[in-house]
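In order, the protein sequences belong to chains A and B.
All residue numbers for the first sequence refer to my numbering, where the first residue is 1217 and numbers rise by one.
All residue numbers for the second sequence refer to my numbering, where the first residue is -19 and numbers rise by one.
The structure appears right after this line, and notes come after that.
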Amino acid sequence: MKHSTSQQDLSIQDRFGRAVTARLSESASTLPYDISERLRAARMQALGQRRAPQTATAPHVMNHGGAATLGFGDGEGSLWHRLAALIPLLFLIAGLIAVNMLNDDFDAKELADIDAAILTDDLPPAAYTDAGFVQFLKSRLEQQAQ
Amino acid sequence: MRLASEQEISDFLKSVEKRAFKRSVYHVRNDEAALDIVQDSMMKLVEHYSHKPAAELPMLFQRILSNCTLDWFRRQKTRNALFSNMSDFEADDMDGDFDLLETLNASNGSNQTESAENQTERAQVLLEIEKEIQELPTRQREAFLMRYWEDLDVAETAAAMGCSEGSVKTHCSRAVQALSKALKAKGIRL
């Protein structure tokens, strides 16, 4: 019995609340023109704010589209764009390989010249490892200096 | 859950903007400030919550509106004045010697053609109601307006206000009693 009375109170409370707010709705629906317009402008500005980031991220989304359609022959503009960006990198790699090869050639040629000079000299290469011969060369250099 | 489309957000804001403005006016009692608060709330909703499902927008917007109103009070350095009203919760005398039914007009739904006199009277009644709404303590007013004007249920109102469902029921009950008493004292029947 008490429970049903409480429910009835709630129902009356709800009815009263809705009766009051129905009157308030009348007031809200008859706002002055300038207020309504400023609210409309505020709404448009807020919604415009939502659109702005979308346009900013559009190119990013399109790039993803290009990558996604790579295997299907679509989005060629984006594919060529990516390939063109790789050209300078390819040139750099080719340049480094060329420099490395030239350097190897120079080193090989230098070693070959030394070998040729040693082999074509009158003196046998074994003489350079002879301690007596080295002493002989030193004493000759001293005599020439005097 | 389906996310809100731009059209849905636009429609939602359109449906709620006038009530939001009036609610802010009841709180801050200043049209310019109320417009700023509503605009801030709309911006924040769109900026941070436009990826949420459409069904969640009402509760989120009410919460943002409440926070923006509170921020406005903070900026105005009148926070103490705002929260001093909250002590009114405990001060309410809960004598049950009045009858809500007395303030509810029995002739609901009678659609008589309004005369100019009636219109003036209605406008006067409306002003009195708005005045009494403004006189309510902040939390009672918030709960009452969210529950009955924004048509949020108790759970949604509690979530928007950041309090328990029991508190919402208490605030609403006290707000209804205070309004009913005040309107009855002025001889206003709804």
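Ideal Cβ positions, reconstructed from N, Cα and C, are used throughout, including at glycine.
Note that the structure is predicted; figures quoted are calculated from it, not measured.
(request) Would you kindly check if the distance between the Cβ of B/Ser153 and the Cβ of A/Gln1229 is under 8 Å? (result) For this step, residue 1229 of chain A is matched to residue 13 along the first sequence. For this step, residue 153 of chain B is matched to residue 173 along the second sequence. Result yes, Cβ atoms of A/Gln1229 and B/Ser153 sit closer than 8 Å.
(request) Compare the C-beta of B/Ser4 against all C-beta atoms of chain A and say whether one is closer than 8 Å. (result) Translated into positions along the second sequence, residue 4 of chain B becomes position 24. Chain A contact via Cβ: absent.
(request) Spell out the partners DSSP gives B/Leu(-17) in its beta bridges. (result) Residue -17 of chain B sits at position 3 when you count from the first residue of the second sequence. B/Leu(-17) pairs with B/Pro33.
(message) Tell me which residues share the same chain as A/Pro1341 and place their Cβ nearer than 7 Å to its Cβ, disregarding the 5 neighbours each side in the sequence.
(response) Locating residue 1341 of chain A in the first sequence gives position 125, counting from the first residue. So the list reads Ile1334, once near-sequence residues are dropped.
(request) Go through its chain and collect everything with a Cβ distance to A/Met1260's Cβ below 6 Å, but skip five positions before and after it. (result) Taking the first residue of the first sequence as position 1, residue 1260 of chain A is located at position 44. Hits under 6 Å: none found.
(request) Keeping to the same chain, check which residues put their C-beta closer than 6 Å to that of B/Ser(-10); ignore five residues upstream and five downstream. (result) Position 10 of the second sequence holds residue -10 of chain B. Here the set comprises nothing.
(message) Please report the straight-line C-alpha distance between A/Arg1234 and B/Ala138, rounded to a whole angstrom.
(response) Walking along the first sequence from the start, residue 1234 of chain A turns up at place 18. Walking along the second sequence from the start, residue 138 of chain B turns up at place 158. Their backbone Cα atoms lie some 18 Å apart in a straight line.
(request) Using beta-carbon positions only, say whether B/His31 and B/Leu(-17) come within less than 8 Å of one another. (result) Locating residue 31 of chain B in the second sequence gives position 51, counting from the first residue. Locating residue -17 of chain B in the second sequence gives position 3, counting from the first residue. Contact flag set, yes.
(message) According to DSSP, is B/Pro117 part of a helix, a strand, or is it coil?
(response) Indexing the second sequence from 1 puts residue 117 of chain B at position 137. The answer is coil: DSSP assigns B/Pro117 none of H, G, I, E or B.
(message) Relative to the C-alpha of B/Arg102, which candidate in B/Ile168, B/Glu122, B/Val156, B/Glu27 has its C-alpha closest?
(response) Locating residue 102 of chain B in the second sequence gives position 122, counting from the first residue. Measuring from the Cα of B/Arg102, the nearest candidate turns out to be B/Ile168.
(message) Could you compute how far the alpha carbon of B/Glu110 sits from the alpha carbon of B/Glu(-12)?
(response) Counting from one through the second sequence, the residue named residue 110 of chain B turns up at place 130. Counting from one through the second sequence, the residue named residue -12 of chain B turns up at place 8. If I take the Cα positions, the gap works out to 30 Å.
(request) Measure the C-alpha to C-alpha separation of A/Gly1281 and A/Ala1300 and round it to an integer number of angstroms. (result) The count along the first sequence starts at 1 and reaches residue 1281 of chain A at position 65. The count along the first sequence starts at 1 and reaches residue 1300 of chain A at position 84. Any reading at A/Gly1281 needs caution, since the residue's pLDDT is 46, under 50, leaving its predicted position unreliable; the model's value is listed next. Their Cα atoms are separated by approximately 18 Å.
(request) Step through the CB atoms of chain A and report whether any lies within less than 8 Å of the CB of B/Ser147. (result) Counting from 1 along the second sequence, the entry for residue 147 of chain B is found at position 167. Answer no: the Cβ-Cβ gap between B/Ser147 and chain A never drops below 8 Å.
(message) By the 7 Å beta-carbon criterion, what residues does the region 35 to 60 of chain B contribute toward chain A?
(response) none
(request) Determine the chain A residues that contact B/Ser144 at a beta-carbon separation under 9 Å, and present them in chain order. (result) Working through the second sequence from its first residue, we reach residue 144 of chain B at position 164. In chain order: nothing, as chain A lies at least about 17 Å away.
(request) Could you list the residues in the region 110 to 140 of chain B with a C-beta less than 8 Å from some C-beta on chain A, going in chain order? (result) Glu110, Ile113, Phe124, Leu125, Arg127, Tyr128, Trp129
(request) Please classify B/Ala155: is it buried, with 16 or more other beta-carbons within 10 angstroms of its beta-carbon, or exposed? (result) Residue numbering aside, residue 155 of chain B sits at position 175 when the second sequence is read from its first letter. By the neighbour-count rule (16 or more Cβ atoms within 10 Å), B/Ala155 is buried.
(request) Tell whether a beta-carbon distance below 8 Å holds between B/Gln19 and A/Ala1310. (result) As a first step, residue 19 of chain B must be located in the second sequence, where it is residue number 39. As a first step, residue 1310 of chain A must be located in the first sequence, where it is residue number 94. No, Cβ-Cβ distance for B/Gln19 and A/Ala1310 is not below 8 Å.
(request) Along the alpha helix (DSSP H) that carries B/Leu174, what are the first and last residues, could you check? (result) Outside the displayed range of chain B (-19 to 170) lies residue 174 of chain B, so it cannot be described from this structure.
(request) Determine, using beta-carbon pairs with one atom in the region 1345 to 1357 of chain A and one in the region 5 to 16 of chain B, whether at least three such pairs fall under 8 Å. (result) no
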